[in-house]
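K.L.:
Top to bottom, those sequences are chains A and B. Numbering-wise, this note's numbering comes out as the position in the first sequence, counting from 1, plus 53. Numbering-wise, this note's numbering comes out as the position in the second sequence, counting from 1, plus 53. Don't be surprised by glycine CBs; every beta carbon is placed ideally from N, CA and C.
There are 2 protein chains.
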Amino acid sequence: MVSDASPAPTKTPVTLREVAALAGVSVATASKALNGQGRMTAETRERIRETAQRLGFRPNSLAQSLLRRRSFTVGLLTNDTYGRFSLPVMSGISDALVDKGVSVFLCNVEDDQRLGQLHVDAMLDKRVDGIIATGKRIDRHLPVDLSNLGVPVIYAFTQPDPGAIAFVSDDAGGARLAVEHFWRLGRRRIAHVTGPASFEVVHARAQAYRDVLTEKGLPVMEPLLGSWSEAWGHEAVKKLFDGKLSKSGGEKPDAVFCGNDQIARGVIDALRERGLGVPDDVGVIGFDNWQIVAEATRPPLTSVDMNLAALGREAGLTLLSLVGGEPAEPGIRKLPCRLVVRQSCGRPPGG
Amino acid sequence: MVSDASPAPTKTPVTLREVAALAGVSVATASKALNGQGRMTAETRERIRETAQRLGFRPNSLAQSLLRRRSFTVGLLTNDTYGRFSLPVMSGISDALVDKGVSVFLCNVEDDQRLGQLHVDAMLDKRVDGIIATGKRIDRHLPVDLSNLGVPVIYAFTQPDPGAIAFVSDDAGGARLAVEHFWRLGRRRIAHVTGPASFEVVHARAQAYRDVLTEKGLPVMEPLLGSWSEAWGHEAVKKLFDGKLSKSGGEKPDAVFCGNDQIARGVIDALRERGLGVPDDVGVIGFDNWQIVAEATRPPLTSVDMNLAALGREAGLTLLSLVGGEPAEPGIRKLPCRLVVRQSCGRPPGG
DNA sequence: TCGAGTTGGGAAAAGCTTTTCTCTTATGGG
DNA sequence: CCCATAAGAGAAAAGCTTTTCCCAACTCGA
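1) DSSP state of B/ILE243, grouped into three classes?
2) Per DSSP, B/VAL376 forms a beta bridge with which residues?
3) Quick check: the Cα distance between B/ARG156 and B/ILE243, rounded to an integer number of angstroms?
4) Do the region 140-155 of chain A and the region 361-369 of chain A make contact, defined as three or more Cβ pairs closer than 8 Å?
5) Per DSSP, A/VAL357 forms a beta bridge with which residues?
6) Would you say B/ARG318 and B/VAL346 are within 7 Å of each other, going by their C-beta atoms?
7) Mind listing the chain B neighbours of A/TRP151? Cutoff is C-beta to C-beta under 8 Å, in chain order.
8) Name the residue from A/VAL320, A/THR371, A/VAL255 whose alpha carbon lies nearest to the alpha carbon of A/PRO352.
9) Looking at the C-beta of A/SER144, does it have a partner C-beta in chain B at a distance below 7 Å?
10) Starting from the N-terminal side, write out each stretch of the beta strand (DSSP E) that is 3 residues or longer and does not extend beyond the region 308-336 of chain A.
11) Quick check on the DSSP output: what are the complete alpha helix (DSSP H) runs of length 4 or more inside the region 98-124 of chain A, in order along the chain?
12) To which residues does DSSP link B/ARG386 through a beta bridge?
13) Tell me the DSSP bridge mates of A/VAL131?
14) In chain order, what residues of the same chain have a beta carbon less than 7 Å from the beta carbon of B/SER374, not counting five sequence neighbours either side?
15) Quick check: the Cα distance between B/PRO60 and B/LEU108, rounded to an integer number of angstroms?
16) Between B/GLN106 and B/GLY183, what straight-line distance do the alpha-carbon atoms span, to the nearest angstrom?
17) Identify the contact partners of B/LEU140 in chain A, using a Cβ-Cβ distance below 8 Å as the criterion.
18) At the 7 Å Cβ level, is A/ASP178 part of the contact set with chain B, yes or no?
19) In angstroms, rounded to a whole number, what distance separates the CA positions of A/LYS85 and B/SER251?
20) Run the CB neighbour count on A/VAL162, radius 10 Å, all protein chains shown included, and call it buried at 16 or more, exposed below.
21) Would a check of beta-carbon distances place A/VAL331 closer than 7 Å to chain B?
22) Tell me the rounded alpha-carbon separation between A/GLY312 and A/THR350.
23) So what does DSSP say about A/LEU278, is it helix, strand or coil?
24) Let me know the secondary structure DSSP gives B/THR65 once reduced to three states.
25) Hey, does A/SER301 have any beta-carbon neighbour from chain B nearer than 7 Å?
26) Which whole-angstrom value is the C-beta distance of A/ALA175 and B/VAL151, which I expect to be below 8 Å?
27) Which of helix, strand or coil does DSSP assign to B/SER397?
28) Contact criterion: CB-CB distance below 7 Å. Does B/ARG111 meet it with respect to chain A?
29) Using C-beta distances below 6 Å, list every residue in its chain close to A/ARG180, excluding the 5 sequence neighbours before and after it, in chain order.
30) At a cut of 8 Å, does the region 226-245 of chain A reach the region 195-208 of chain A through at least three beta carbon pairs?
31) Measuring CA to CA, which of B/ARG98, B/THR131, B/ASP148 is closest to B/GLY169?
32) Just checking: is the beta-carbon of A/LYS291 within a distance shorter than 7 Å of some beta-carbon in chain B?
33) Do A/ALA149 and A/LEU370 have their CB atoms nearer than 7 Å?
34) Does the distance from the C-beta atom of A/ALA83 to that of B/LEU119 stay below 7 Å?
35) Quick one: what does DSSP say A/VAL142 is sitting in, helix, strand or coil?
36) According to DSSP, is A/VAL197 part of a helix, a strand, or is it coil?
Dropping the structure here:
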């Protein structure tokens, strides 16, 4: 039973040479037949095709790549090991590329410079056509230097080098979406509970929040900065609903826009614990649209989705066009978010 | 400025031929010098090495692979797009392989047969040395046929083909860990709330749960099967603490072993809502050790960790040995889980 | 029938590295 | 001083495909 007649456990791949020999032509002709190039009788072409088919011929990509100086692979660098951010991005990239015959090397570099260098070297050795860098936050670099690599580089959801091409989510736009949605629903005292000041997105979203309120002539409550946790959501509810709020003259919020879904989850739980109904008394909107959290809250959480898969797709396609030699403007492209409406924000009055 | 001293934006990689020319030797000698092969004077070797260094020479892996019939790449197939299961597995695989110079193609096939075939073909074209299949549950196949591919295949955390090599978590062992821990803590009325009957692990864990209780001479409450959700955790608490339990003569549980962390989260919240203290009145242990959930519960959740990264590492190393031509027994290897103790299970009496 | 043009197909180089021979030169012993 | 041996380095093939150029044979018009 070591090795029997039926397809051997390890068979050596069939080469073009063998196909050609069996079809009684030269390798040149065989190659042309299979690629639809060159001139030959229809029968010759067909015979070669059939032979190739029958033998299960598969052109050796390594040889092709060597010749074309193009490997049809790209490297994807991430530091988001358990990544709910970078995973959708990856998925989008892969989606965009698989149809073009391009495969993706996934390399997790953690936050380890040595590991980063190791992976980048490995990619370069393998002659990737390009590299995409992605991460877990927009305002931090990966622990690798990607300048002057000799291959195109695109940044997606991570901090780019100056002069590079990057795709990020439009956090300010996403925040507008949420606040304006509250406004349309008739909410007028809208609070904002978000993450720590060390994140740039915190400021971007907070500013958008202020802008919308100002535009609409609504009272602006100063955003509450804390951590990205449920616990902070609880605590923030205490601050919002126990203390006096300066501007609004003691009035309690009827809506809370949260910086992520975990905070929102904490807020909703805390509201329930103090007998406030969501969405009837207070509407809540989260950010990230982390499905498993958003759907587990009671009621299910309305949340801003950053369209990360789309972002990845754009990044992949752009990289490909760069590889193809087409020029592209450097700069940061912000891609729009979308609001996924569930039940925590309420329905329009009388709607 | 077409090509100046500092690295050009897009430089063509330097070849061995150029190194050899500059060092004044043949490519054969250059190759041998850099690989520590052949015989030559120490100075010649050093001169070549220096030249290569200076030029930033990087052997073209495509050429090497073509020659060695070994690409130093492996394909990783998964259907767990947003995967908290397959991601740690991937990370372990990558970890195990990066030091050996092996890169990983990540291919997400969703549950789409066409996509699966597409990716497998792409991998085969690219001459991967082997393939690892991973997924989101142990008892389901990926939507691809991986038999007779001509390259070694390893299954990790997904249902293997018969006769293949697979690594999975030892769910029964993990369940024992949890129940025995409760026992050591002095808990005597231990309930089990878990997922749907359609999952094999549900039965494996439930049986282990029964076994341990029987061994210890404790009352066995019939496991409560439901869904993997928080909501089911809430509901299960109702069933456990409202109704009469047959065997235990109406006594309420003092411990609940949950089938995953989300259920555990629901159980803990529900217990709190009815005024029962965790861990003082009731201990709770979850499964999966999904950090972000386990650490957000109040109190933080003790949970069974499946050691998925280690599982991935094993899978990677085994694949490599297979690629190296070493034989390996087919079969399913169960890797042990470990209990991550936080606060929800309680401390030993007087401890 | 001759020359021009067309048709079908092959030879060979290129892409880059590794490895096996082979060759030349130097060295040492007798 | 000569031969045997070792040392140092190069030529060439292999690995597989694509593409350019070339050749032989055939067709057709004059």
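P.N.:
Let me spell this out:
1) As a first step, residue 243 of chain B is located in the second sequence; it is residue number 190 there, counting from the start. Correct three-state label for B/ILE243: strand.
2) Within the second sequence, numbered from 1, the residue matching residue 376 of chain B stands at position 323. Bridge partners of B/VAL376: none, in fact.
3) By 1-based counting over the second sequence, the position of residue 156 of chain B is 103. By 1-based counting over the second sequence, the position of residue 243 of chain B is 190. The residue you asked about is not Arg; residue 156 of chain B is Ser in the sequence shown. Taking the straight line joining both Cα atoms gives about 46 Å.
4) yes
5) Position 304 of the first sequence, counted from the first residue, corresponds to residue 357 of chain A. A/PHE340, A/LEU392.
6) As a working note, residue 318 of chain B is residue 265 in the second sequence. As a working note, residue 346 of chain B is residue 293 in the second sequence. For B/ARG318 and B/VAL346, yes; Cβs fall inside 7 Å.
7) Within the first sequence, numbered from 1, the residue matching residue 151 of chain A stands at position 98. It should be noted that the sequence gives Val, not Trp, for residue 151 of chain A. The answer, in chain order, is CYS160, LEU168, LEU171, HIS172, ALA175.
8) What you label residue 352 of chain A is simply residue 299 of the first sequence in a count that begins at 1. Looking at the Cα atoms, A/VAL320 is the closest of the given residues.
9) In the first sequence, residue 144 of chain A corresponds to position 91, counting from 1. Yes, contact with chain B.
10) 308-311
11) Fully contained in the region 98-124 of chain A are the following alpha helix (DSSP H) runs of length 4 or more, in chain order: 114-121.
12) Here residue 386 of chain B is taken as the residue at index 333 of the second sequence, counted from 1. Looking at the DSSP assignment, B/ARG386 forms a beta bridge with B/PHE220.
13) Indexing the first sequence from 1 puts residue 131 of chain A at position 78. Per the sequence presented here, residue 131 of chain A reads as Thr, with Val not at that position. BP columns for A/THR131 point to A/ASN161, A/THR187.
14) Sequence index remark: in the second sequence, residue 374 of chain B carries index 321 (1-based). Once the five neighbours on either side are set aside, the close Cβ partners of B/SER374 are ALA381.
15) For this step, residue 60 of chain B is matched to residue 7 along the second sequence. For this step, residue 108 of chain B is matched to residue 55 along the second sequence. Summary for B/PRO60: the model assigns pLDDT 34, below 50, so the residue's position carries little reliability; its value from the coordinates is reported in the next sentence. Distance between the alpha carbons of B/PRO60 and B/LEU108 is about 10 Å.
16) Position 53 of the second sequence holds residue 106 of chain B. Position 130 of the second sequence holds residue 183 of chain B. Distance between the alpha carbons of B/GLN106 and B/GLY183 is about 32 Å.
17) Counted from its first residue, the second sequence places residue 140 of chain B at position 87. Per Cβ cutoff of 8 Å: THR134, TYR135, GLY136, LEU140.
18) Residue numbering aside, residue 178 of chain A sits at position 125 when the first sequence is read from its first letter. Output row for A/ASP178: interface = yes.
19) Taking the first residue of the first sequence as position 1, residue 85 of chain A is located at position 32. Taking the first residue of the second sequence as position 1, residue 251 of chain B is located at position 198. Answer to the nearest angstrom: the Cα atoms are 53 Å apart.
20) Position 109 of the first sequence, counting from 1, holds the residue named residue 162 of chain A. The residue in question, A/VAL162, is buried, as its Cβ has 16 or more Cβ neighbours within 10 Å.
21) Indexing the first sequence from 1 puts residue 331 of chain A at position 278. A/VAL331 does not count as touching chain B.
22) Here residue 312 of chain A corresponds to residue number 259 of the first sequence, with the count starting at 1. Here residue 350 of chain A corresponds to residue number 297 of the first sequence, with the count starting at 1. Between the alpha carbons of A/GLY312 and A/THR350 lies a gap of roughly 16 Å.
23) The residue you call residue 278 of chain A lines up with position 225 of the first sequence. If DSSP states are grouped into helix, strand and coil, A/LEU278 belongs with the strands.
24) Numbered from its first residue, the second sequence carries residue 65 of chain B at position 12. Three-state result, B/THR65: coil.
25) Taking the first sequence and counting its residues from 1, one reaches residue 301 of chain A at position 248. Below a pLDDT of 50, predicted positions are generally treated as unreliable, and A/SER301, at 46, falls in that range; the measurement from the model is reported next regardless. No, because no Cβ of chain B sits closer than 7 Å to the Cβ of A/SER301.
26) Within the first sequence, the letter at position 122 stands for residue 175 of chain A. Within the second sequence, the letter at position 98 stands for residue 151 of chain B. So it is a contact: roughly 7 Å between Cβ atoms.
27) Taking the first residue of the second sequence as position 1, residue 397 of chain B is located at position 344. Residue state, collapsed to three classes: coil.
28) Position 58 of the second sequence, counted from the start, is the residue given in the question as residue 111 of chain B. Judged by the 7 Å Cβ criterion, B/ARG111 is in contact with chain A.
29) Translated into positions along the first sequence, residue 180 of chain A becomes position 127. The answer, listed in chain order, is SER124.
30) no
31) Taking the first residue of the second sequence as 1, we reach residue 169 of chain B at position 116. The residue with the shortest Cα to Cα distance from B/GLY169 is B/THR131.
32) As a working note, residue 291 of chain A is residue 238 in the first sequence. Cβ-Cβ to chain B under 7 Å: no for A/LYS291.
33) As a first step, residue 149 of chain A must be located in the first sequence, where it is residue number 96. As a first step, residue 370 of chain A must be located in the first sequence, where it is residue number 317. The Cβ atoms of A/ALA149 and A/LEU370 lie closer than 7 Å to each other.
34) What you label residue 83 of chain A is simply residue 30 of the first sequence in a count that begins at 1. What you label residue 119 of chain B is simply residue 66 of the second sequence in a count that begins at 1. In this structure, A/ALA83 sits away from B/LEU119, with a CB-CB distance that is not shorter than 7 Å.
35) Taking the first sequence and counting its residues from 1, the one referred to as residue 142 of chain A is at position 89. DSSP places A/VAL142 in the helix class (H, G or I) of the three-state scheme.
36) By 1-based counting over the first sequence, the position of residue 197 of chain A is 144. Of the three classes helix, strand and coil, the one that applies to A/VAL197 here is coil, per DSSP.
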